[in-house]
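Sequential numbering of the sequence shown, starting at 54, is according to the numbering used here.
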Amino acid sequence: MGKSGGTLDFVAAWFIKAGDYVQHSSARIGFVSTNSITQGEQVAQLWPILFNRHGLEIAFAHRTFNWGSDARGKAHVHVVAIGLTRRDDEPAEKRLFSYPNINSEPEETRHSALSPYLFDASKLADRHLVVREASKPLSNAPKVVIGSKPIDGGYYIMSGSEKDVFLAAEPGAAPYIRPYIGSEEYINGGDRWIAVVDGVPPQTLRSLPRLISLVEKVRLYRLGELPPRSKPEGEAKKATEGSLALALTPTKFHVTVIPDEPFLCIPEVSSERREYAPIGWLEPPIVPSNLVKVVRAVTKWQFAVLTSATHMAWLRNIGGRLKSDYRYSNGLVYNTFPWPKLTDADKAKLNALAQAVLDARAAHPGATLADLYDPDVMPADLRKAHRALDLVVDRLYRKAPFESDRERVEHLFMLYEKMTAGLLATPEKKKRKAKTA
54 MGKSGGTLDF VAAWFIKAGD YVQHSSARIG FVSTNSITQG EQVAQLWPIL FNRHGLEIAF
114 AHRTFNWGSD ARGKAHVHVV AIGLTRRDDE PAEKRLFSYP NINSEPEETR HSALSPYLFD
174 ASKLADRHLV VREASKPLSN APKVVIGSKP IDGGYYIMSG SEKDVFLAAE PGAAPYIRPY
234 IGSEEYINGG DRWIAVVDGV PPQTLRSLPR LISLVEKVRL YRLGELPPRS KPEGEAKKAT
294 EGSLALALTP TKFHVTVIPD EPFLCIPEVS SERREYAPIG WLEPPIVPSN LVKVVRAVTK
354 WQFAVLTSAT HMAWLRNIGG RLKSDYRYSN GLVYNTFPWP KLTDADKAKL NALAQAVLDA
414 RAAHPGATLA DLYDPDVMPA DLRKAHRALD LVVDRLYRKA PFESDRERVE HLFMLYEKMT
474 AGLLATPEKK KRKAKTA
């Protein structure tokens, strides 16, 4: 290829190599592959090469299923099976095998075209369309950002017991030690805290020697002169040019997101077992970490759409995965999601349904979101509230009910194509269009 493979899995090289081979033969391609090449950012990296450079089409496919082994200790993996052929030799009907769940027998359907996400593409103007990351929402939706990223080597971060010891020795630091919530704490519960010292008056800071000591340790860590206290979240193991620059302002985080009003929290990673990613509100003085997404100034009707089965279908099929868990991305999932067009009456109805979901959660005090959204023990009232919300959100997209998540994402994909018409043309297509103008 001659260039970096980006974030492509090694198996992608086999597809590309096979594409080179069939240019000079009548052979067809068939691979069992990790399902990562049909979701997330890899789709936009791999499939244009196969479609445009090699002139290939998908002849048949098995959507995600569980491929295990009887070998002792052998892990089960989620895979797809894909058959490719040259475009001048493609069959009129493409066979698609879908699995109601990853361990079930497949259900076969036939289509005139298949998308690289392995669903029906016959209603698309461009059957090769892929979802590309967007820097801002393509629909009229509030902006989403990541939470705070301190780049502190763990020196500003404390467990609950460490916080108690710290404040027992220096009670004057209490206003500057705040709850710190990432995906783990948000979903499973936890007791984690962070020192927020940026903006503390210098005379106050000088009167708090233990707090100043944390600032000094962070400065030395950023300079590479002190090892991390704990495993950093998304930080480089060694000092970099960026961390050296940050050492000049050790009281500041690398990314600072500290909302002063309630905000919507979306965990970056959520278990694949859950029907719904557990999205909800947090409020000050909580500091969100960079392992959650933050949406400010969001309404209950917007929360209703984001927690719906429709949005979950987009996450499952378009978003990437961390191992097999859902990985929620700003650019690939949230910003590209096609929102429905709503009337004031629609918003009022969604507000009530959203509140019903929140009330059902509140009816189980002491339960974590992991407890509430475990499919084996999900409370009946919470499931009922979600089902009622799902029915209404589905009808905002079309009158006929969706029979499956695949149908939902096929419909959303048509909306995505209309929404991005003219925005996603490749440089080659733009050049050709300019020449003919």
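The C-beta atom is built at its ideal place from N, Cα and C for all residues, glycine as well.
I'd like the list of long-range same chain contacts for residue i, defined as Cβ closer than 7 Å, with 5 residues on each side in sequence excluded.
i       : result
Leu-61  : Gln-95, Gln-98 and Leu-99
Asp-313 : Pro-337
Tyr-233 : Ile-210, Arg-245, Trp-246, Ile-247, Val-340 and Ser-342
Gly-579 : Since the first residue of the chain shown is 54 and the last is 490, residue 579 is not available in this structure.
Val-308 : Ile-199, Ser-201, Lys-202 and Asn-343
Val-133 : Ser-86, Asn-88, Thr-91, Ala-114, His-115, Arg-116, Thr-117 and Leu-171
Pro-428 : Arg-326, Arg-327 and Glu-328
Could you tell me whether the Cβ atoms of residue i and residue j are closer together than 7 Å?
i       : j       : result
Trp-367 : Leu-465 : yes
Ala-300 : Leu-276 : yes
Pro-195 : Ala-350 : yes
Arg-148 : Gly-108 : no
Leu-317 : Val-348 : yes
Tyr-379 : Val-197 : no
Glu-325 : Ser-377 : yes
Ser-361 : Asp-251 : no
Ile-240 : Ala-423 : yes
Leu-177 : Glu-470 : yes
Leu-167 : Ile-111 : yes
Glu-186 : Leu-449 : no
Thr-363 : Val-271 : no
Looking only at its chain, what residues have a beta carbon closer than 8 Å to the beta carbon of residue i, apart from the 5 residues adjacent to it on each side?
i       : result
Ile-365 : It is worth fixing the name first, because residue 365 is Met in this sequence and not Ile. Around Met-365: Glu-328, Tyr-329, Ala-330 and Asp-458.
Leu-425 : Pro-331, Arg-414, His-417, Met-431, Pro-432 and Leu-435
Glu-146 : Arg-163, His-164 and Ser-165
Ser-192 : Phe-390, Pro-391, Trp-392 and Met-472
Just to check my reading of the structure: residue i and residue j have Cβ atoms closer than 8 Å, yes? What is that Cβ distance to the nearest angstrom?
i       : j       : result
Arg-201 : Phe-306 : It should be noted that the sequence gives Ser, not Arg, for residue 201. Indeed they touch by this definition, with Cβ atoms about 5 Å apart.
Tyr-381 : Glu-456 : About 25 Å; that fails the 8 Å criterion.
Thr-91  : Tyr-170 : 6 Å
Lys-346 : Ile-199 : 6 Å
Gly-333 : Gly-93  : Between Gly-93 and Gly-333 the Cβ distance is about 24 Å, and since that is not below 8 Å, they are no contact.
Gly-225 : Ser-260 : 7 Å
Here's a check: name, in chain order, each residue in its chain whose Cβ is nearer than 6 Å to the Cβ of residue i, leaving out the five neighbours to either side.
i       : result
Asn-156 : Asn-119
Glu-463 : Phe-172 and Asp-173
Thr-257 : none
Pro-281 : Gly-206 and Gly-207
Leu-273 : Leu-279
Phe-150 : His-115, Pro-159 and Glu-161
Ala-71  : Ile-82
Lys-483 : Residue placement at Lys-483 cannot be trusted, given a pLDDT of 46 that sits under 50; the coordinates are not used to answer.
Ala-227 : Leu-220
Ala-66  : none
Gly-136 : Gly-83, Ala-112 and Phe-113
Val-249 : Tyr-229 and Arg-231
Asn-370 : Tyr-170 and Val-462
Asp-73  : none
At least three beta-carbon pairs within less than 8 Å, the region 406-426 to the region 345-358: yes
Ranges of the beta strand (DSSP E) found wholly within the region 204-243, counting only runs of at least 3: 210-212 and 230-234
Beta strand (DSSP E) segments (min. 3 residues) lying fully within the region 141-200: 147-151, 160-164 and 197-199
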